[in-house]
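What follows is a single structure, written as structure tokens, with notes after it.
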Amino acid sequence: MKTYIALFRGINVGGKHILPMPALVAIFESLGLGDVKTYIQSGNAVFRCQAENVGSLSARIVAEINKRHGFEPQLLLLELAELEKVVLANPFPDAEAQPNTLHLNFLLFAPVNPNLPALDAIKKDSERFSLIDQVFYLHAPEGIGRSKLAAQAEKRLGVAMTSRNWRTVCKLMEFAKKMRLPNTANQ
């Protein structure tokens, strides 16, 4: 069995695409996915299943959500090893001490022609960013609410993305690591 991390984009945000976490767990379980654990209400889940094509698995999950709730969220599935690689690649380890200021923006696919100079031109002096593979790391010590860089990143990269702060990423990795071995799944 493999452990997967599910990152949904845009559910339970702004009163749109409401999907309570117990309903999400029920959907996962109805598809034969096991040891499902969610984290906060914004669409994070960790689960186990037999090895399967990630694209096919993602499509099945999204189709079932659409069938039951009438919308098709964007979904990015990562294996535990992929998430571990993303965490190890963090170019701003000094920012980990303030986990709500470090954001990992997971891109749905690799950008073809990202406009990094445009992002560099609008960032605040206190902000830092780095694009590594399909993750746009953003350290925004003053927060992302008023950050032009955060607001423009998706447009300038040309790829849809879903963002998680460092605390959330670490918590999901912790859940996934506990699931790695069947005898630790519920500890």
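Oh and the sequence shown: position 170 is 169 in numbering that gives the first Met the number 0, straight run, nothing missing. Glycine included, each C-beta is placed from N, C-alpha and C at the ideal position. The structure presented is a predicted model; accordingly, all values stated were derived computationally and were not measured.
On the CB-based measure, 16 or more other CB atoms within 10 Å of its CB, does residue i come out buried or exposed?
i, result
"residue 5", "buried"
"residue 12", "exposed"
"residue 42", "buried"
"residue 64", "buried"
"residue 19", "exposed"
"residue 39", "exposed"
"residue 158", "buried"
"residue 163", "buried"
"residue 108", "exposed"
"residue 174", "buried"
"residue 145", "exposed"
"residue 96", "exposed"
"residue 182", "With a pLDDT of only 49 at residue 182, under the threshold of 50, the placement of this residue in the model should not be trusted; the figure read from the coordinates follows. Under this definition residue 182 is an exposed residue."
"residue 52", "exposed"
"residue 112", "exposed"
"residue 15", "exposed"
"residue 131", "exposed"
"residue 154", "exposed"
"residue 80", "exposed"
Taking residue i and residue j to be in contact with their CB atoms under 8 Å, please state how far apart those CB atoms are, rounded to whole angstroms.
i, j, result
"residue 76", "residue 3", "5 Å"
"residue 106", "residue 126", "Their Cβ separation, rounded to whole angstroms, is 18 Å, which puts residue 106 and residue 126 out of contact at 8 Å."
"residue 178", "residue 34", "5 Å"
"residue 98", "residue 166", "4 Å"
"residue 152", "residue 104", "6 Å"
Where does residue i fall in DSSP's three states?
i, result
"residue 125", "coil"
"residue 89", "coil"
"residue 97", "coil"
"residue 184", "Caution applies to residue 184, whose pLDDT of 43 falls short of 50 and renders its modelled position unreliable; the value that the coordinates give is listed next. Residue 184: coil per DSSP, three-state reduction."
"residue 174", "helix"
"residue 12", "strand"
"residue 61", "helix"
"residue 32", "coil"
"residue 107", "coil"
So the alpha helix (DSSP H) residue i belongs to, where does it begin and stop?
i, result
"residue 133", "First-last for residue 133: undefined, no H or E at that position."
"residue 27", "20-29"
"residue 158", "That residue, residue 158, is in no alpha helix (DSSP H); it is neither H nor E in DSSP."
Any Cβ of chain D within less than 8 Å of the Cβ of residue i?
i, result
"residue 136", "Of the protein chains in the structure, only one exists, and it is not chain D."
Taking the beta strand (DSSP E) that residue i falls in, what are its first and last residues?
i, result
"residue 4", "1-8"
"residue 44", "43-48"
"residue 74", "73-78"
Original post:
How about the region 59-67 and the region 80-92: do they share at least three Cβ pairs that are nearer than 8 Å?
Top reply: no
Original post:
Does the region 29-47 come close enough to the region 132-145 that 3 or more CB-CB pairs lie under 8 Å?
Top reply: no
**OP:** Kindly confirm or deny that the region 115-132 and the region 65-75 touch, where touching means at least three C-beta pairs closer than 8 Å.
**Re:** no
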